[in-house]
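Those letters in the sequence shown? Residues -17 to -1, 1 to 505, per mature numbering (1 follows the signal peptide of the UniProt record, and there is no 0), in order.
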Amino acid sequence: MAAAGLHLVLVPLVAQGHIIPMVDLARLLAGRGARVSVVTTPVNAARNRAVVDSARRAGLDVELAEVAFPGPGLGLPEGVENIDMVVEEKDHFMPFFQALWKMDEPLDEYVRSLPRRPDCLIADTCNPWTAGVCARHGIPRLVLHCPSAYYLLATHCLSTHGVYDRVADELETFEVPDFPVRAVGNRATFRGFFQWPGMDTYERDVVEAEATADGLLINTFRDLEGVFVDRYAAALGRKTWAIGPTCASGGLDADAMAGRGNRADVDVGLVLSWLDARPASSVLYISFGSLAQLSPKQVIELARGLEASERPFVWAIKEAKSNADVQAWLAEGFEERVADRGLLVRGWAPQVTILSHPAVGGFLSHCGWNATLEAITHGVPVLTWPYFADQFCSERLLVEVLDVGVRSGAKLPPMNLPEEAEGVQLTSADVEKAVAELMDVGPDGTARRARAKELAAKAKAAMEEGGSSYADLDDMLRHVVELSMKKSHEEGTGVSTLPSAPQLGSKNKESIGAGAALSVES
Ligand code: UDP
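Shown next as structure tokens:
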């Protein structure tokens, strides 16, 4: 047990694409013997309780620690605690981030309530406000990156070479300088997470908290992105571990897997029996993740394209839950017309349960990094339809580097389209053509599927004992033990306000309070 005796506190960003991998990481760390507390708000804790409870039933020492979200103090309605609740509410967006930055107070209170100082805090890169809490209490701090190393390195190179500042507008084309592969795009498709008007101070905080962290974790693996990981680590000068894909961490029972990140808005048994009745690799799965919302017109074009494709599909159509125009159009007969081969999930789909089913042979995806890793882990080729943020980089990686993706033809974030486009980038004919290319059973499609399967085997191998991500996580834990010991020695100098573990080092089995003495075994 590499981590026996450690108490680790994990602080995810309150967004689905960040909490899900952080909870996976929590289970991985608890699997190595650590006691792990995931600190999040009540709404987000509730969404992730099924997974954590399943891990606890399996004997892992992992818990959800709830802290209040300071939103109501900034005018947000009670219960608005996840970014997926404010994407469409422009008035709520800035107060949401202000509230997020205020989470340092409840986090500080939580840390002070502990019987002893945690050995390490792992914060999402978008939670730089954790840095002050860690500094105050002498807690070593690591940063978890949830996007790809490709994206991290690309945006870093663009910033340090001044490209973002030099271009005339959002659409001026450039090539990423000093990058391991040729990568071409524009500011709209290489935008950093916090590169929005009014968010400069947030971005500065993120950059500074990363530069002062005790190490970086990236949810990727070396066979996938080794060159980008190494170049990023060198550029930042921080110890960096590639510990993913966390979605391949395994160990969840079927119910918990189906409720990963949220309770599914569909009977999972029904989805499985529907898929069981379809031939291998015949079904297209469609999802745009937790944040991206297609315009009603674009939803209709997509629906018509799927209908014309004449292929079986499962569509996680969250717009059908929230958008009245989409609901009205669907009620006009689409579902009946495709009843023999289309399954609509109106809201949250059990994504990994679907992607891991042998009937699924293609994924029309917005290319969120988790969706990308989930496709890779299950050997499913991707029809790429990026929407914003890092998603255009995932597309480049899938199509240009890994050769397991087909471009749908969506070239810009919808907010960069002219208003008269009404959010439409792809017509039904475009969709039909792209789906046919992805699901092709000729030589090209067959070769692409074979490459995807090879990559899936590498993803799984990376996470198994002897694999690169397994070794990186062990190495990270060794580093945490060293850091924690160092902090304990500093304690006499008044650095920390909390008691540390009683004795750090080899295999002392005594325990105090919540934390046992540490042992490091490789
Ligand atoms: N997800 C899911 N069901 C859905 C939509 C999303 O389980 O209906 C999960 C998906 O498997 C992934 C995460 O939510 O783990 C979304 O993260 P990603 O990085 O793919 O996209 P984002 O939502 O951040 O844009």
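Glycine residues also receive a C-beta, built at the ideal position from the N, C-alpha and C atoms.
In this text, all values refer to a predicted model and were calculated from it rather than measured experimentally.
State yes or no: is the C-beta of Trp331 nearer than 7 Å to some heavy atom of the ligand UDP? Mapped onto the sequence shown, residue 331 falls at position 348. At least one heavy atom of the ligand UDP is nearer than 7 Å to the Cβ of Trp331, so yes.
Limits of the unbroken alpha helix (DSSP H) element including Val382: As a working mapping, residue 382 is identified with position 399 in the sequence shown. Membership of Val382 in any alpha helix (DSSP H) is not indicated, and neither H nor E is assigned to it by DSSP.
Counting along the chain, where does the beta strand (DSSP E) carrying Tyr370 start and finish? As a working note, residue 370 is residue 387 in the sequence shown. Going by DSSP, Tyr370 is part of no beta strand (DSSP E) at all; its letter is neither H nor E.
Give me the Cα-Cα distance between Ala9 and Val384, rounded to the nearest whole angstrom. Sequence index remark: in the sequence shown, residue 9 carries index 26 (1-based). Sequence index remark: in the sequence shown, residue 384 carries index 401 (1-based). Inter-residue distance for Ala9 and Val384 is about 30 Å (C-alpha atoms, whole angstroms).
Grouping DSSP H, G and I as helix and E and B as strand, with all else coil, what is Gly325? Start at 1 with the first residue of the sequence shown, and residue 325 comes out as number 342. Here Gly325 carries a strand assignment [DSSP, helix/strand/coil].
Where does Val424 land, buried or exposed, given buried means 16+ other C-beta within 10 angstroms? Residue 424 sits at position 441 when you count from the first residue of the sequence shown. With fewer than 16 other Cβ atoms within 10 Å, it is exposed.
So, under 8 Å CB-CB, Val50 and Met86 are touching, yes? Tell me the CB distance rounded to an integer number of Å. Reading the sequence shown from its first residue, position 67 is the one you call residue 50. Reading the sequence shown from its first residue, position 103 is the one you call residue 86. Contact between Val50 and Met86 is confirmed by a C-beta separation of about 7 Å, below the 8 Å threshold.
What does the alpha-carbon distance come out to for the pair Pro4 and Ala445? The sequence position of residue 4 within the sequence shown is 21, counting from 1. The sequence position of residue 445 within the sequence shown is 462, counting from 1. Rounded to the nearest angstrom, the two C-alpha atoms are 16 Å apart.
Taking the beta strand (DSSP E) that Ala106 falls in, what are its first and last residues? For the purposes of this step, residue 106 is taken as residue 123 along the sequence shown, with counting starting at 1. That run of the beta strand (DSSP E) goes 103 to 107.
Helix, strand or coil: how does DSSP classify Leu(-10) here? One-based indexing of the sequence shown puts residue -10 at position 8. In the three-state reduction of the DSSP assignment, Leu(-10) falls in the strand class.
Tell me whether Glu378 counts as near the ligand UDP, meaning its Cβ is closer than 7 Å to at least one heavy atom of that ligand. Along the sequence shown, read from residue 1 onward, the residue named residue 378 stands at position 395. The answer is no for Glu378.
Any beta strand (DSSP E) of 3 or more consecutive residues that is wholly inside the stretch 257 to 299: 266 to 270, 296 to 299
Closest to Phe2 by C-alpha separation, out of Trp352, Gly234, His361, Pro160, would be which residue? Here the question's residue 2 lines up with position 19 in the sequence shown. Note that residue 2 is Ile in the sequence shown, not Phe. Answer by Cα proximity: Trp352.
When you compare the CB of Pro60 with every CB in chain B, is at least one pair closer than 8 Å? Going by chain labels, chain B is absent from the structure shown, which holds only one protein chain.
Under the rule that 16 or more other beta-carbon atoms within 10 Å means buried, what is Pro180, buried or exposed? Counted from its first residue, the sequence shown places residue 180 at position 197. It counts as exposed.
Leaving out the 5 sequence neighbours to the left and right, which residues in its chain are closer than 7 Å to Ser251 when beta-carbon positions are compared? As a position in the sequence shown, residue 251 is number 268, starting the count at 1. Per the sequence presented here, residue 251 reads as Val, with Ser not at that position. Counting only Cβ-Cβ distances below 7 Å, and skipping sequence neighbours, we find Ala241, Pro333, Thr336.
The ligand UDP and Glu64: does the residue's C-beta get closer than 7 Å to at least one heavy atom of that ligand? By one-based count along the sequence shown, residue 64 stands at place 81. For the ligand UDP, not one heavy atom lies less than 7 Å from the Cβ of Glu64.
Sort out for me which residues DSSP pairs Ala225 with in a bridge. For the purposes of this step, residue 225 is taken as residue 242 along the sequence shown, with counting starting at 1. Paired residue(s): Ile201.
Go through its chain and collect everything with a Cβ distance to Arg390's Cβ below 6 Å, but skip five positions before and after it. As a working mapping, residue 390 is identified with position 407 in the sequence shown. The residues are Thr367, Val382.
Contacting residues, own chain, Cβ-Cβ under 8 Å from His144 (five flanking each side not counted): Within the sequence shown, numbered from 1, the residue matching residue 144 stands at position 161. Only Pro160, Asp161 meet the Cβ criterion.
Please classify Thr156: is it buried, with 16 or more other beta-carbons within 10 angstroms of its beta-carbon, or exposed? Translated into positions along the sequence shown, residue 156 becomes position 173. Exposed.
Mind checking Thr459: buried by the 16 CB within 10 Å criterion, or exposed? Position 476 of the sequence shown, counted from the start, is the residue given in the question as residue 459. Reading off the sequence shown, one finds Met at residue 459, where the question assumed Thr. By the neighbour-count rule (16 or more Cβ atoms within 10 Å), Met459 is buried.
With the cut-off set at 8 Å, would you say Glu402 and Cys230 are in Cβ contact? Locating residue 402 in the sequence shown gives position 419, counting from the first residue. Locating residue 230 in the sequence shown gives position 247, counting from the first residue. No.
Helix or strand or just coil, what does DSSP make of Ser142? Here residue 142 refers to the residue found at position 159 when the sequence shown is read from its first residue. Ser142 falls in the helix class under three-state DSSP.
What residue from Leu421, Ala48, Ala225, Gly288 has the CA that sits closest to Phe317's CA? Reading the sequence shown from its first residue, position 334 is the one you call residue 317. Selected option, being the one with the closest Cα: Gly288.
Given 7 Å as the limit, tell me if Glu420 has its C-beta closer than that to any heavy atom belonging to the ligand UDP. By one-based count along the sequence shown, residue 420 stands at place 437. Glu420: no, Cβ never under 7 Å from the ligand UDP.
Just the Cα atoms here: how many angstroms apart are Arg431 and Glu92? What you label residue 431 is simply residue 448 of the sequence shown in a count that begins at 1. What you label residue 92 is simply residue 109 of the sequence shown in a count that begins at 1. Going from the Cα of Arg431 to the Cα of Glu92 covers about 51 Å.
Does at least one heavy atom of the ligand UDP sit under 7 Å from the Cβ of Ile3? To locate residue 3, count along the sequence shown from 1; it is residue 20. Indeed, a heavy atom of the ligand UDP lies less than 7 Å from the Cβ.
Following the continuous beta strand (DSSP E) through Val464, name the residue where it begins and the one where it ends. What you label residue 464 is simply residue 481 of the sequence shown in a count that begins at 1. Looking at the DSSP string, Val464 is not in any beta strand (DSSP E); the run it does join, the alpha helix (DSSP H), is 451 to 474.
So what's Ser131 in DSSP terms, helix, strand or just coil? Start at 1 with the first residue of the sequence shown, and residue 131 comes out as number 148. In the structure shown, Ser131 sits in coil (DSSP, three-state: anything other than H, G, I, E or B).
Using alpha carbons as the reference points, say which of Val414, Met77, Cys350 lies closest to Tyr134. Walking along the sequence shown from the start, residue 134 turns up at place 151. Comparing Cα positions, the closest option is Cys350.
Classify Arg294: buried if its beta carbon has 16 or more other beta carbons within 10 angstroms, exposed otherwise. Sequence index remark: in the sequence shown, residue 294 carries index 311 (1-based). Burial call: buried.
Endpoints, the alpha helix (DSSP H) within which Leu11 is located: Along the sequence shown, one-based indexing puts residue 11 at 28. From DSSP, the alpha helix (DSSP H) with Leu11 extends over -2 to 14.
Rounding to the nearest angstrom, what Cα-Cα distance links Gly175 and Ala151 in this structure? Your numbering for residue 175 matches position 192 in the sequence shown. Your numbering for residue 151 matches position 168 in the sequence shown. So the alpha carbons of these two residues sit roughly 17 Å apart.
Give me the DSSP bridge partner(s) of residue 583. The structure shown does not extend to residue 583, since the chain is modelled only from -17 to 505, so the question has no answer here.
Quick check on the burial criterion: 16 or more other C-beta atoms within 10 angstroms. Buried or exposed for Pro228? Taking the first residue of the sequence shown as 1, we reach residue 228 at position 245. Result: buried.
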